[in-house]
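Take the sequence shown: its position 29, counted from the start at 1, is 693 in my numbering, and no numbers get skipped.
We put the CB at the ideal spot given by N, CA and C, even for glycine.
Since the model is a prediction, treat every value here as computed from it, not as a measurement.
Taking it in order: structure first as structure tokens, then the write-up.
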Amino acid sequence: MTARALALLVGGAATLGGLAPLRADPAGGERVFQRCMACHSVTAGEVGLPGPNLHGVIGRRAGTAPGFRFSPALVGAGARGLVWTRETLDAYLADPETFIPGTEMGLPPLRSADERRDVIDFLERRTR
665 MTARALALLV GGAATLGGLA PLRADPAGGE RVFQRCMACH SVTAGEVGLP
715 GPNLHGVIGR RAGTAPGFRF SPALVGAGAR GLVWTRETLD AYLADPETFI
765 PGTEMGLPPL RSADERRDVI DFLERRTR
């Protein structure tokens with residue numbers, strides 16, 4: 665079976681099974697993240713940007729990235745146990761100010777579920 669036939673078979677089965685089909689563009693998250701790069705880095709140890717470093721963000725308690733002064737709202741959310749997971753990042757990126765009142769983000773929320781999924785995939789791959 666060719667790779668193309670296998671991809672079509674698996675993608676079609678996932679769609680029929682109610683699951684999301686395989687992503688056609690694995691670089692999509694990196695393209696979306698370029699909007700975020702004015703404030704955030706994914707390079708370990710890099711500090712001094714307007715936003716926190718996102719290296720290792722998945723699995724980290726909110727408001728705890730080294731070298732960044734977080735808002736009281738984000739520090740409080742972390743103190744109450746908020747940990748960044750795929751699900752919490754998705755909710756935050758969709759509407760940061762609703763998810764954690766008192767937070768600010770310089771860019772508009774990522775309203776597209778596909779863009780959020782792609783950027784979370786990128787962060788997960790790039791920042792382990």
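request  = With distances taken Cα to Cα, identify the nearest neighbour of G731 among A777, A702, H719, V711.
outcome  = V711
request  = Measure the beta-carbon distance from R724 to V706 and round it to whole angstroms, keeping in mind my assumption that it falls under 8 Å.
outcome  = Your pair R724 and V706 does not check out as a contact, with CB atoms roughly 13 Å apart and the cut at 8 Å.
task = May I have the straight-line CA-CA distance separating P765 from R789, to the nearest angstrom?
result = 29 Å
inquiry  = Considering Cα atoms alone, identify which of Y756, E768, G745, H704 is closest to S776.
reply    = Y756
Own chain, CB closer than 7 Å to R780, minus 5 neighbours either side, in chain order = For R780, same chain residues with a beta-carbon under 7 Å away, outside a window of 5 residues either side, are D754, L757, A758, L774 in chain order.
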